[in-house]
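Undergrad: Count the first sequence with our numbering and you get residues 2 to 565, in order.
Ideal Cβ placement from N, Cα and C applies to all residues, glycine included.
Please see the structure below; I have some questions.
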Amino acid sequence: MARSRVLGADIDAAGGGSGARGILACACAGPGSPRASAAGAAAWNPRCLGLSCRAFPRAAAGTTNLTDRIAKDRLEKLEALRAKGVPPYPARVPSPEPIAGCLAGFEARIGQTVTVAGRLTQVRDFGKLRFSHLLDRSASIQVGFQRDRLPGFWEDRRLVEANDHVVVTGELGRTQKGEPTVWATQVVLASKTLRHAPEKWHGLQDVETRYRMRYVDLFTNPDVRKVFVTRARVLDTVRAFFNGHGYVEVETPILQSIFGGATARPFKTHHNALDMELYLRIAPELYLKRLLVGGLERVYEIGRVFRNEGISPRHNPEFTMLESYEAYADYRTIMARVEGLFALLCERVLGGNTVVRFRGREYDLRPPFRKVRYLDLFAEHNGGLDFFDARAVRARAADLGLASAGLPDEKVANDVFEATCEKTLDGPVFVHDYPVAICPLAKAADHDPRIAERFELFVAGMEVGNAFSELNDPVDQERRFRAQLEHHDEESPSELDVDYVTALEYGMPPAGGLGIGMDRLTMLLTDSASIRDVVFFPLLRRVAAPDVGLETAGDPGTQAPAGG
RNA sequence: GGGGGCGUAGCUCAGCGGUAGAGCAGCGGCCUUUUAAGCCGUUGGUCGUAGGUUCGACCCCUACCGCCCUCACCA
């Protein structure tokens with residue numbers, strides 16, 4: 002049985018440590034083991050002057066190892082740990098229980114021995130005592146290290162420091178001030194950290210660093226973790242809602258040879274083996290409606306879509322969209338669905354609250370929501386102007402300073418709408434019955450061919466949802482596609498989606514469809530001002546990487562074969 | 001793409017045409033109930049990058065890089 006040297010005392014490593022004190026060492030590579038020797042055989046890195054810093058095999062003379070750039074005292078500690086036979090990155094450690102579980106019903110558990118694990122924060126030395134907080138996914142608890150209970154650990158306590166991951170076994174108790182505390186009887190280093198933690202009080206504030214190094218942002222700023230947990234809860238609730246109404250969750254192609262289902266510029270890519278141009282989808286819509294033709298009747302997809310357009314606090318080039326389609330329903334059914342969804346979100350995400358704060362204002366998300374017709378809104382904010390009076394609308398656009406030359410009438414009119422109406426839509430409010438000309442995939446109302454059965458949900462002036470009675474007339478659909486092709490631009494497909502029209506020719510049941518931006522919905526429910534605050538890794542410009550002494554990495558799309 | 005702002009130690013931030021500063025973190029010392037612990041001492045900088053003006057530039061000017069806000073496009 003392997004025995005490893007432990008800080009201050011020898012213990013039976015594989016035996017796990019009942020009664021063992023100090024840092025537990027696993028029975029894996031110590032400094033004398035073959036594996037450790039292999040690593041140690043590499044050149045000593047000249048940049049670690051004076052340090053007992055074992056260079057990585059890759060770091061030949063003249064090159065800079067990435068880890069050479071970091072605080073030398075941490076590297077010194079790392080090597081000191083190895084020299085003492087304490088693996089800084091052990092393969093396995095004792096299994097912990099969640100800290101939140103220790104804190105629940107704490108009084109009754111005082112005196113019990115628990116094993117908890119996490120990242121050490123805010124180490125406080127106090128003579129022959131040392132306190133720290135231990136943070137795991139569930140909560141944070143104080144750990145007390147006492148010299149007299151941890152003689153082996155105490156001598157080398159400084160080798161384990163703030164930001165390291167540790168597993169602590171100890172007795173639950175309180176301090177004189179009443180703070181719940183694990184009084185450690187055994188400390189196992191789980192993972193040595195080579196970087197300093199950000200400032201303990203202010204955390205990581207620099208916005209750019211927070212986005213680029215979200216991993217630091219997450220363990221440093223509790224509110225950020227909360228936002229992303231809420232985001233997961235939102236997605237979970239959306240799934241629960243649609244599953245509860247008999248919908249089936251599906252996945253459709255992201256790589257599409259013809260893009261459609263929205264008006265947006267796509268990203269282009271290329272498949273090598275097929276030598277085929279492809280687009281990253283701007284919407285899953287046309288594939289989901291093919292599934293209606295296929296008889297699935299109620300489908301939804303929550304997935305990433307990609308739009309090659311500007312970036313703003315409300316726009317990320319990739320974002321997560323919910324789209325749902327329900328056969329034998331129309332946009333009124335879907336309006337009721339949206340209200341039902343928001344009721345469930347209030348219940349499950351907001352814990353029964355219905356009022357959210359967003360950008361300094363409050364919004365009551367309790368359904369039913371206000372409903373207003375597009376054309377009424379248009380007239381109201383433009384002195385009674387008729388949307389379909391092209392000449393008057395163009396004059397109004399000119400008054401507003403909007404460019405209209407060369408644009409179709411309905412586009413100009415919609416620009417006027419957006420300029421004059423959208424900002425007034427505090428909401429939540431459904432705007433419904435849109436001009437059909439700006440809705441190429443929506444069905445016209447039976448009573449008025451100029452009106453599309455469509456609504457959008459606005460909250461805080463932000464478009465959150467979009468729905469309509471789906472166009473299922475193949476002849477009409479082909480005509481509208483052809484009209485799009487006539488004034489073709491980068492936002493429209495350059496060819497007719499023949500297969501989609503064919504699918505409609507096989508018969509799509511009348512259906513109501515819905516799209517909701519999951520990122521914006523999360524923004525609303527977490528009071529996040531920017532979409533970048535609800536996306537883990539928002540797209541940023543690439544910055545020059547530090548010189549790591551390697552040959553130029555090839556184009557990832559045409560990388561060299563693995564063997565060569 | 002236009003306009004405005006920002007970039008100084010690992011982190012949070014001061015600074016000023018005349019030798020680069022503080023707090024936290026780190027390192028050394030004291031303290032067995034601290035908790036933004038405290039006290040004493042101390043290490044740490046290509047002031048985003050490159051030019052220019054100047055006797056002298058972190059500071060003034062120009063260009064570039066990156067981020068934020070805003071307008072335009074969009075969800």
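Would you check if the distance between the CB atom of D165 and the CB atom of K193 is smaller than 7 Å?
TA: In contact: D165 and K193 (Cβ atoms closer than 7 Å).
Undergrad: Quick check: what's the CA-CA separation for N467 versus S139?
TA: 36 Å
Undergrad: Assign A545 to one of three DSSP states: helix, strand, or coil.
TA: Coil, per DSSP.
Undergrad: Use the C-beta contact count for H433: other C-beta atoms within 10 angstroms, 16 or more gives buried, fewer gives exposed.
TA: buried
Undergrad: What do you reckon, are the CB atoms on N317 and F268 nearer than 7 Å?
TA: no
Undergrad: Could you tell me which whole alpha helix (DSSP H) segments of length 4 or greater appear in the segment 465-501?
TA: Listed in chain order, they are 475-487.
Undergrad: Have a look at V357, L293 and Y301 and flag the residue whose alpha-carbon is nearest the alpha-carbon of G245.
TA: Y301
Undergrad: When DSSP labels each residue in this structure, what does C438 get in the three-state scheme?
TA: Correcting the residue identity first, residue 438 is Ala in this sequence and not Cys. Helix.
Undergrad: Which residues bound the alpha helix (DSSP H) around W155?
TA: P152 to E156
Undergrad: Under the three-state reduction of DSSP, which class applies to N46: helix, strand or coil?
TA: Residue confidence for N46 is low, a pLDDT of 22 falling below 50, so the modelled location carries little weight; the figure read from the coordinates is stated next. In the structure shown, N46 sits in coil (DSSP, three-state: anything other than H, G, I, E or B).
Undergrad: Under 7 Å between the Cβ atoms of G516 and E324?
TA: yes
Undergrad: Take R125 and list the residues in its own chain whose beta-carbon comes closer than 6 Å to its own, dropping the five residues that flank it on each side.
TA: F132
Undergrad: Determine the DSSP secondary structure at P223, reduced to helix, strand or coil.
TA: helix
Undergrad: Looking at C-alpha atoms only, which residue of C440, P88, R196 and N222 is the closest neighbour of L136?
TA: N222
Undergrad: Could you give the DSSP three-state label for V183: helix, strand or coil?
TA: V183: strand per DSSP, three-state reduction.
Undergrad: Contact check, R232 vs V535 under 8 Å by CB: the rounded distance?
TA: By a beta-carbon distance limit of 8 Å, R232 contacts V535. Their separation comes to about 6 Å.
Undergrad: Between the segment 459-478 and the segment 424-432, do three or more beta carbon pairs fall short of 8 Å?
TA: yes
Undergrad: Measure the C-alpha to C-alpha separation of I142 and R211 and round it to an integer number of angstroms.
TA: 25 Å
Undergrad: Who are the near neighbours of A545 in its chain, counting only those whose CB is closer than 7 Å to its CB and skipping five residues on each side?
TA: Closer than 7 Å at Cβ, skipping near neighbours: no residue.
Undergrad: According to DSSP, is G119 helix, strand or coil?
TA: Here G119 sits in strand by DSSP.
Undergrad: Is the Cβ-Cβ distance between A438 and E479 less than 7 Å?
TA: no
Undergrad: Please state whether DSSP places K412 in a helix, a strand or coil.
TA: helix
Undergrad: Report all residues from its chain with a CB closer than 6 Å to the CB of L376; omit the five preceding and five following residues, and keep chain order.
TA: F388
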